[in-house]
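Numbering-wise (the UniProt record's numbering), the sequence shown opens with residue 1 and increments by one. Glycine included, every Cβ here is placed at the ideal spot set by N, Cα and C. Remember, it's a predicted structure, so these values are computed and weren't measured experimentally.
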Amino acid sequence: MTGKGYFGLLEMLIRESEKNLQKKLALLCKKAYKLSILCHVKASIVPFTTGKTNIFAWLSLTKANDIVNYYLDFPEKQRQHKLVEHEAYLQSIVNDREKDIRELEKMVVEKEMENIFNQLVGGRKRFDEFDVSDIKGL
């Protein structure tokens, strides 16, 4: 391959790479926007390439700077406290859901016992027609 052909191919690969990077950045910015809306958090993206002087910042460079300064204004201890590991965050969500499930299961058992009691009192079922577990619940 000649020198001109090699550089032409190299330029084409660089353009494709930059186009791909721009698509990925647009997708990342869209996801950051959704995250900021859905989770009520401040988000900003500042990707940069070593050796290039132009800096892209989403939402804007001044807003990104404001967010970083807002974070840095907190005392060190409070900054560390605000950092939450993803696993710990997810575990807290799981714990909350498990608590909700236990409460719902308790409500279901209470409703079942109420239904059995009403069947017994209303004469729709006799006492010997119930299971032992149903009788224990009464």
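Following the DSSP letters along the chain, one finds Asp66 inside the alpha helix (DSSP H) bounded by residues Leu61 to Leu72. In this structure the segment 36-56 does not lie against the segment 13-20, because fewer than three pairs of beta carbons, one per stretch, are closer than 8 angstroms.
In the three-state reduction of the DSSP assignment, Ile45 falls in the strand class, which pools E and B. Contact annotation: Gln119 and Lys111 have beta-carbon atoms that are not nearer than 7 angstroms. Residue Ile45 holds the alpha-carbon nearest to the alpha-carbon of Ala57 among Lys31, Ile45, Ile135 and Asp134.
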